[in-house]
Amino acid sequence: TYMVEDTDYYINLSKMPSSTWGTNNIDIPAVNCADITQSVNDDGFVNTKAIVLADTASTIFSKALDTTAFDAKITGYIPSYTELLTISANLEEINDFLTANGKDIISLEDIWVSETHDNNNAWISDGYYYPKNSLKQYYIFGRRTNI
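With the numbering used here applied, the sequence shown covers 1216 to 1362.
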């Protein structure tokens, strides 16, 4: 768990194996580079639920929502670009803590985020977009959904 001013983040520390973002022609709002850096779609949990509704074959998003922890009080999701920026701003502190406790560090480079660029492409954490059928790794974040 990592807490910032108004949110606590739960992160599965295991980077998930390379997978595709999803299928093409998903009818969800596309965002451009300015959008993802200005918090337009900054809620990865909301994005993940919308993507699963729009594309039931989506592998990483369905897998994320099926991931639970702490007696199903935490539900998984694919983070938004903005959420990764928040974690990135605190990554040195997080990784110092992980290292001090014998855990592997987190690397947020070159991983999928929950925003789509257009029908056939999606954004990654480095601010670039790739075809949705490209293989990239990803992290599953978690949100408290049942108190």
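Note that beta-carbon positions come from the ideal geometry of N, C-alpha and C, so glycine has one too.
Integer Cβ distance of residue i from residue j, believed to fall under 8 Å
| i | j | result |
| --- | --- | --- |
| Ile1293 | Thr1263 | 5 Å |
| Thr1235 | Ser1329 | At roughly 14 Å, the Cβ-Cβ gap does not stay under 8 Å, so Thr1235 and Ser1329 are not in contact. |
Residues that DSSP places opposite residue i in a beta bridge
| i | result |
| --- | --- |
| Asn1336 | Pro1346 |
| Ser1234 | Lys1351 |
| Gly1317 | Bridge partners of Gly1317: none, in fact. |
| Gly1357 | Tyr1225 and Gly1291 |
Separation of residue j from residue i, as counted between CA atoms
| i | j | result |
| --- | --- | --- |
| Gly1237 | Thr1314 | 33 Å |
| Ala1284 | Tyr1354 | 15 Å |
| Ser1254 | Thr1297 | Because Ser1254 sits at a pLDDT of 46, beneath the cut-off of 50, its placement in the model cannot be relied upon, and the following sentence gives the value as read from the coordinates. For Ser1254 and Thr1297, the distance between alpha carbons rounds to 6 Å. |
| Leu1299 | Asp1341 | 10 Å |
| Val1267 | Phe1260 | 11 Å |
| Ser1277 | Ser1233 | 15 Å |
| Asp1311 | Lys1288 | 27 Å |
| Ser1295 | Asn1316 | 27 Å |
Same chain only: Cβ atoms within 8 Å of residue i, ignoring 5 sequence neighbours per side
| i | result |
| --- | --- |
| Thr1282 | Asn1227, Thr1290, Gly1291, Ile1355 and Gly1357 |
| Leu1280 | Thr1263, Lys1264, Val1267, Thr1290, Gly1291 and Tyr1292 |
Selection from the options that minimises the alpha carbon distance to residue i
| i | options | result |
| --- | --- | --- |
| Lys1318 | Ile1309, Glu1324 and Phe1276 | Ile1309 |
| Asp1325 | Tyr1224, Asp1257, Met1231 and Ala1279 | Met1231 |
| Ile1302 | Asp1333, Asp1257 and Lys1351 | Asp1257 |
| Tyr1224 | Tyr1344, Asn1316 and Leu1306 | Leu1306 |
| Leu1323 | Asn1316, Ala1304, Asp1333 and Thr1331 | Ala1304 |
| Ala1269 | Phe1312, Ser1229 and Thr1331 | Thr1331 |
Own chain partners of residue i with C-beta closer than 7 Å, once the 5 adjacent residues on each side are dropped
| i | result |
| --- | --- |
| Trp1327 | Trp1236, Ile1275, Ile1293, Ala1337, Ile1339, Lys1351 and Tyr1353 |
| Tyr1344 | His1332, Asn1336, Ala1337 and Trp1338 |
| Ile1320 | Asn1310, Leu1313 and Thr1314 |
Neighbourhood of residue i by C-beta distance below 6 Å, restricted to the same chain and skipping five residues each side
| i | result |
| --- | --- |
| Thr1360 | Thr1290 |
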